[in-house]
Structures are given as structure tokens and as C-alpha cells.
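The letter at position 64 of the sequence shown is residue 64 when you use the UniProt record's numbering, and the numbering goes up by one with no holes. Quick reminder that beta carbons are idealized off the backbone N, C-alpha and C, glycines included. Just so you know, these numbers come straight off a predicted model, no measurement behind them. Here's the structure we're looking at; comments come further down.
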Amino acid sequence: MPKDSRDLPPVEELLTTAVTELGGSERPGQVKMAQAVRDAVESKEHLAVQAGTGTGKSLAYLVPAIRHAAETDNAVVVSTATIALQRQLVDRDLPRLADALEGVLAHRPEFAILKGRRNYLCRHKMGAGMPDDEEDQLFDPREVSATGRMVQRIQEWASETETGDRDELVPGVSDQAWRQFSVHAKECLGAQRCPSGAECFAELARERAGQADVVVTNHALLAIDAMEDFPVLPEHDVVVVDEAHELVDRVTSVVTDELSEGTVGVAVRRVGRLIEQALADRLQEAGEDLAALLTAAPPGRVDDLPQSLGLTLALVRDSAYACIKALGPRNKDKDDPENAGLRKATFTALDEVHDTAQRMLDAFGGDSEADRAEVVWLDEGRGRIPPTLRVAPLSVGGMLRDKLFGDRTVVLTSATLALGGSFDGMARQWGLSGDDWTGLDVGSPFDHPRSGILYVAKHLPQPGRDGLPEEYLTEITELIEAAGGRTLGLFSSMRAAKAATEALRERLDVPLLCQGDDSTSQLVKQFAADPATCLFGTLSLWQGVDVPGPSLTLVIIDRIPFPRPDDPLASARQRHVAATGGNGFMAVAATHAALLLAQGAGRLLRSMNDRGVVAVLDPRLATARYGGFLLGSLPPFWRTTDPAKVREALTRLTDGA
Numbered sequence: 001m002p003k004d005s006r007d008l009p010p011v012e013e014l015l016t017t018a019v020t021e022l023g024g025s026e027r028p029g030q031v032k033m034a035q036a037v038r039d040a041v042e043s044k045e046h047l048a049v050q051a052g053t054g055t056g057k058s059l060a061y062l063v064p065a066i067r068h069a070a071e072t073d074n075a076v077v078v079s080t081a082t083i084a085l086q087r088q089l090v091d092r093d094l095p096r097l098a099d100a101l102e103g104v105l106a107h108r109p110e111f112a113i114l115k116g117r118r119n120y121l122c123r124h125k126m127g128a129g130m131p132d133d134e135e136d137q138l139f140d141p142r143e144v145s146a147t148g149r150m151v152q153r154i155q156e157w158a159s160e161t162e163t164g165d166r167d168e169l170v171p172g173v174s175d176q177a178w179r180q181f182s183v184h185a186k187e188c189l190g191a192q193r194c195p196s197g198a199e200c201f202a203e204l205a206r207e208r209a210g211q212a213d214v215v216v217t218n219h220a221l222l223a224i225d226a227m228e229d230f231p232v233l234p235e236h237d238v239v240v241v242d243e244a245h246e247l248v249d250r251v252t253s254v255v256t257d258e259l260s261e262g263t264v265g266v267a268v269r270r271v272g273r274l275i276e277q278a279l280a281d282r283l284q285e286a287g288e289d290l291a292a293l294l295t296a297a298p299p300g301r302v303d304d305l306p307q308s309l310g311l312t313l314a315l316v317r318d319s320a321y322a323c324i325k326a327l328g329p330r331n332k333d334k335d336d337p338e339n340a341g342l343r344k345a346t347f348t349a350l351d352e353v354h355d356t357a358q359r360m361l362d363a364f365g366g367d368s369e370a371d372r373a374e375v376v377w378l379d380e381g382r383g384r385i386p387p388t389l390r391v392a393p394l395s396v397g398g399m400l401r402d403k404l405f406g407d408r409t410v411v412l413t414s415a416t417l418a419l420g421g422s423f424d425g426m427a428r429q430w431g432l433s434g435d436d437w438t439g440l441d442v443g444s445p446f447d448h449p450r451s452g453i454l455y456v457a458k459h460l461p462q463p464g465r466d467g468l469p470e471e472y473l474t475e476i477t478e479l480i481e482a483a484g485g486r487t488l489g490l491f492s493s494m495r496a497a498k499a500a501t502e503a504l505r506e507r508l509d510v511p512l513l514c515q516g517d518d519s520t521s522q523l524v525k526q527f528a529a530d531p532a533t534c535l536f537g538t539l540s541l542w543q544g545v546d547v548p549g550p551s552l553t554l555v556i557i558d559r560i561p562f563p564r565p566d567d568p569l570a571s572a573r574q575r576h577v578a579a580t581g582g583n584g585f586m587a588v589a590a591t592h593a594a595l596l597l598a599q600g601a602g603r604l605l606r607s608m609n610d611r612g613v614v615a616v617l618d619p620r621l622a623t624a625r626y627g628g629f630l631l632g633s634l635p636p637f638w639r640t641t642d643p644a645k646v647r648e649a650l651t652r653l654t655d656g657a
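Shown next, in the form of C-alpha cells:
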């Protein structure tokens, strides 16, 4: 065992030790990636690494990360997009790696998971120290009863849990129930002022993270930490962003604000207990005016600010400001925790309404499209969800460049980063430029040309807007029959997935599951358990399915997954890129499609013994000018447009299974 950090073995030796102890075998791509991560950390240069499925990329970045933490006594932050990968890292990869390296490092590597405050139970709120925003919100007696049962389960679990982490409450509960026991960071009194500060689950999680070598978090909290004036994560100089293809979307979600009758209503209910009723009534009336206006307006992007909307947003803003002023000093009740909690939550709700209304007004201040920085759009109401006005930035690249990449080394990795054979598209979205970053594709252990076929149905008509053409249904039927089931169908919309399921259940004699029939995780389990079964679905299946073995031999993609033409954010970004001299279609729509296509095609090969076909029914992949860019983003499968050859290959695979 080394006496101190100066005696640390090199990364290659640590990786060999880890792989040997874990019973695996070293792979060239894994070694290459580990060395590249080490070099990036040492040179303080950002690194983008594409590492295909089966490379062992988690070990490839964790080993140099742990070595850096041991050498510098600084934590390394690992950020993921999904709870599934967080759990894999914390429950499986890191404990086994810590055991493997304990004997060759000065101390056993420590790790912790850290999430946003809203994910932890708030003891103060449980003690009625915070307002309950759910009153008068439930109208369906069945929903009231279901929420009541969930609330009771949370209360029982609260007396047993050691972490207060929502994800450990199984089965899960609705957001509506959980909101009654959690607070946003801006609503929190802080550990020093809160009566429950000493036993706060969120603060305890932060303490554990502060002692760790590796802190696992998510892209949303990473963005919040980078953008807030106060640190959320422990001090760190290296960040590893896994599932980096999702970083831009997750950061965009964090910085998207919304305004509706509901958000104004929360502020009204909170402030009505603390100020003169007439002022609260003014805010409520402004919220009602906004609701009436939004209900009558068509959904979609708002390019020019109508006078009526501008006046109403100004009224909402000014009414919220009047309430804020009437509340007086923000620290007025600092020695009265119960009132302090209510006031903090009230200020938070009012600030959100005021600042969002002002932000929406500011979004229309530019002289031209090229000057525009943000987009405003209206989502129509559904059920009990009222029409909602949203505002988001047209680009988060500058924000990431200044806040995330500015003073630390960032390693970004995924199985899908080099689009059209280049990292440049993703780098632009992240705000990286010049010589301060390097791109590296370490390949995949799979022999794609021998293991898989990419079939493009060039003979089919172009997909239309009126559902799946009969020719598509016939093609899908013939492919599934040749495969003997074993099919994952990835559709561009839920409507298309359901229509295909309904039509093909009458034509096929194999079990056919559709997303929405049950929980997605349960459907994937059923699909994996029976090789004859097919599973159809949409977006979450494009990225979230890992089914190695004979249950998945055929992946069908109905059409190139461009964003919908009426998608307000994508269409605004596309138009903005064009206005600033770029190719909006390639930078936004084609990049979006390339990412999803690569993710969808990546469902096919999940282990070294897998074989099969990726069938893209959209002929534009073979005929359109942009087809080369999309094909260059896909794994290097053997390609064909001959349906007979594909059916023969599937039949041989089925007979040999």
C-alpha cells in the first residue's frame, strides 16, 4: 500500500487491477479512454469521448477520476442524465471498484450521491413549518383518496428512512403527494436558521458528498451548481458528464420558466396570509386575466408580443412586485422559524411570478431575429393542467462555456457524440470552440459489419402526416414474421406506435406489447423474458432499453426522428441559427435526428454475441441530401436496401437461435 498520494500507481496499472479484481478483461478502447481522461485532467483540457456500448466507459473514467481525487484531495463530480445510471454507479460500479482499489491506494475510495433539495424529505415541512400548496387543488375523489394513501406511506417511511431520498421510497409516489413533504432550494431556510437543520436529509447528503472522492449527481443539479451564486456541490476541479448527449436538453429544462394561473395561484395563496387582502386580490385578478387570455390564444410559439399579452404580463409583474414590497424585509422573522419558513416560501413564489413575467417581456426586446436570445411559447391546457406560457433560451452554449467549462476540466462522454463523423456539432451546442477541447472516438468492441445489418427500405413511399401507410404496415409484418417476433419498434410518436400495435395485432400471431399498456420497466421485462414478444413505443424506448440476447434481433424505426415542425423551441432555434448565418436545419433538426437515430440503432447490439437488423422504413435516409450526415452518425453496420436479403438474414438468425 502506498504511504501517500505521491506513490500512486499509474492509471494503466490501476485499471488493470480493477478489471482483474472485477473478473473482466481489458479492452483497447477502455485503456485508450482511461489514458485520454488522465491526459485531459493533467493538461486541464476539456475532452469529448465517444465510447460505444461494451467499451466499459464507466471504469475508463472512474479509475483516473479516483486517482486524481486521491492525488489532489479534491472531489471529482460525475454527472448523469438518468436515475438508472446513477443507481448503476452508486449501487454496483463504485462499490466494486472501491473494493478492488482499496489495497493499492492510501485509503478506500469514498463515494456519495447528491441530488437536488426537492428530492429529499424536508423535516421542517413535515412539522407544518411550511405552507401546503395543494389545498383546493383536488377535485376527483378517487385522486384525493389515492394521494391520501401516498401521503400516509410517506409519513410511515419518514420514520424509517436514513437518507430521506425519494428514490428509495418503493413503490414511488406522485409529484402531488411528494410536494407536501419537500421544498425547493430557494424555499429552504438554510441549516443555520431551520429548527430541523441539524437532521436535514439534504444537508446530511451534502456532508457525505463533502467527504467523498467521487460525487455522483445529475445534469440538472450540475447546471444549478454552475449557475447559482452559492455552491451546491462540494469543491471540485474535474467534472465527468456521462450521457453527455442529453446535457443541452437537461440544462435547457433547468433554465426554462413558466407562468400560468397555477403558478400565480400558489403565490396568491401564500401571500394572502401575510399582507393586506386587497393586494393579494389584485394579484389574483391579474392571474385570472392571464388565464382568460391564454385559454383564448392558440398554442405554439409567440413571435411578436400582442398588446393584450404585454399589458397582462406587466400587470402580473407589477401586482407581484406590490405584494413583495408589502411583505417588508426578507429577514423580518429570522428568529421565528415557523413564520420565517412561510415568508421564505412566499417570497420564492412571488419572485418566480415577477421575474418570469419580466423575462417574457424582455424576450421581445431585440431589433431582429439575430438579436433574439429567448423564445416564448404557449402550451395548451390538458385536463386539470391550465394553459401555460413558457420561456427558454435559444442557446445554452454561452451559459455552459462561462459557468460549467470556465474554471474546471470537463470530460464529456456517451456512446453517441460524433454526429456525421464529427464532434463539432455537439461542441457548438456545449459552447466549446477553439483549441481548448479534444474529441476522441475509442470505438466499440463489437464487429458491427459482421454482427448487424442496417436496412433502409428505399422502395417505400416517404412517410406522410396521416399515420402509417399500408405499405409500412406490410413491411413491418414481413420483417417481424421473418424475425419470429424479437422486435423492438421505435416510433416517432405515440400515436404511430399505438396505431401500428392495433393494426398488427390482427396480422401477427406473436405477442405485441405497446408502451402505455403497463409501466415501461415492466414492459421491457416482459419483452426480454419471451423471445417471441415484440415491444412498440416511442422516445424513452429509443434510449432506455438494454436487452442483450435472443429477445432482440430486430429494431424497426418508422421514420427519421426530426423534431415536429410545430415544436416551438426547436423551430425557434432553427430559425435563429439561420438568421445568424448558419444552416438551421442541419444544426438543429438534423442533429436532433442523428442523435436519436444513433441511440435507437444502439439498442441492437448490447453484448458480444448479439446479432440482428436495424430496419429504417423512411426512404429519405437513402435518398435525401442530408442522408449522408445521418448515416455517418450510425454504427458501421453492413448496409442494404434489399428487403429480400434482410428477410433471409432474419430467418437464418431465427432458425439458429
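Whole angstroms are fine: how far does the CA of residue j sit from the CA of residue i?
| i | j | result |
| --- | --- | --- |
| aspartate 175 | methionine 126 | 16 Å |
| proline 643 | glutamate 26 | 39 Å |
| glutamate 648 | arginine 507 | 20 Å |
| glycine 24 | glycine 56 | 10 Å |
| glutamine 30 | lysine 115 | 28 Å |
| arginine 559 | glycine 627 | 12 Å |
| valine 456 | threonine 623 | 10 Å |
| leucine 89 | alanine 112 | 10 Å |
| methionine 1 | proline 9 | Residue confidence is low: methionine 1 scores 42 on pLDDT, short of 50, so the model does not pin down where it sits. Its coordinate-derived value is still stated next. Rounded to whole angstroms, methionine 1 to proline 9 spans 10 Å at the Cα level. |
| alanine 373 | alanine 297 | 23 Å |
| aspartate 39 | threonine 487 | 42 Å |
| threonine 147 | serine 182 | 15 Å |
| leucine 138 | threonine 263 | At leucine 138, the pLDDT of 43 sits below 50, so the modelled position is not reliable and the matter cannot be decided from this model. |
| methionine 608 | serine 145 | 49 Å |
| arginine 179 | methionine 150 | 11 Å |
| glutamate 135 | alanine 177 | Because glutamate 135 sits at a pLDDT of 48, beneath the cut-off of 50, its placement in the model cannot be relied upon, and the point is left open. |
| proline 449 | glutamate 71 | 42 Å |
| glycine 129 | leucine 569 | Reliability fails at glycine 129, whose pLDDT of 48 lies under 50, so the model's placement of it is uncertain and no value is given. |
| isoleucine 275 | leucine 539 | 46 Å |
| residue 663 | proline 531 | Nothing about residue 663 can be read from this structure; the chain reaches only from 1 to 657. |
Could you give the DSSP three-state label for residue i: helix, strand or coil?
| i | result |
| --- | --- |
| histidine 46 | strand |
| serine 422 | strand |
| phenylalanine 629 | helix |
| threonine 16 | helix |
| arginine 505 | helix |
| glycine 365 | coil |
| cysteine 122 | coil |
| glycine 116 | coil |
| valine 547 | coil |
| leucine 90 | The sequence shown places valine at residue 90, rather than the leucine named in the question. Three-state DSSP puts valine 90 in a helix. |
Within this structure, are the beta carbons of residue i and residue j separated by less than 8 Å?
| i | j | result |
| --- | --- | --- |
| glycine 602 | leucine 490 | no |
| alanine 51 | threonine 413 | yes |
| valine 76 | valine 232 | no |
| leucine 294 | leucine 361 | no |
| glycine 63 | threonine 409 | The sequence as given places valine at residue 63; glycine does not occur at that position. No, they are not a contact pair. |
| alanine 542 | leucine 596 | Before going further, note that residue 542 is tryptophan rather than alanine in the sequence given. Cβ distance < 8 Å, so tryptophan 542 and leucine 596 count as in contact. |
| leucine 22 | arginine 96 | yes |
| aspartate 618 | proline 469 | no |
| leucine 604 | glycine 612 | yes |
| histidine 107 | valine 238 | no |
| proline 563 | alanine 594 | no |
| serine 253 | alanine 220 | yes |
| lysine 44 | valine 442 | no |
| arginine 193 | alanine 340 | yes |
| cysteine 514 | lysine 498 | yes |
| leucine 419 | histidine 576 | no |
Report the residue from the options whose alpha carbon sits nearest the alpha carbon of residue i.
| i | options | result |
| --- | --- | --- |
| leucine 653 | Ala578, Leu634, Thr553 | Thr553 |
| histidine 354 | Ala503, Val266, Leu169 | Val266 |
| leucine 350 | Glu110, Ala84, Ala322 | Ala322 |
| leucine 189 | Arg611, Leu222, Ala209, Arg343 | Arg343 |
| aspartate 281 | Asp249, Val302, Ala320 | Ala320 |
| alanine 357 | Ala532, Gly287, Ala209 | Gly287 |
| tyrosine 120 | Gly434, Arg575, Val240, Gly164 | Gly164 |
Kindly examine the ligand SAM and report whether one of its heavy atoms sits closer than 7 Å to the Cβ of residue i.
| i | result |
| --- | --- |
| proline 393 | Annotation note on the ligand SAM: not contained in the displayed structure, which lists no ligands. |
Alpha helix (DSSP H) runs contained entirely in the region 28–76, provided each spans 4 or more residues: 28–43, 57–72
Return the chain-ordered ranges of every alpha helix (DSSP H) run that is complete within the region 582–635 and spans a minimum of 4 residues. Within the region 582–635, the complete alpha helix (DSSP H) runs of at least 4 residues are 591–601, 620–623, 627–631.
List, from N- to C-terminal side, the beta strand (DSSP E) runs of 3 residues or more that fit wholly inside the region 209–265. 214–218, 236–241, 257–259
Alpha helix (DSSP H) runs wholly inside the region 291–364, at least 4 long, in chain order: 307–327, 337–362
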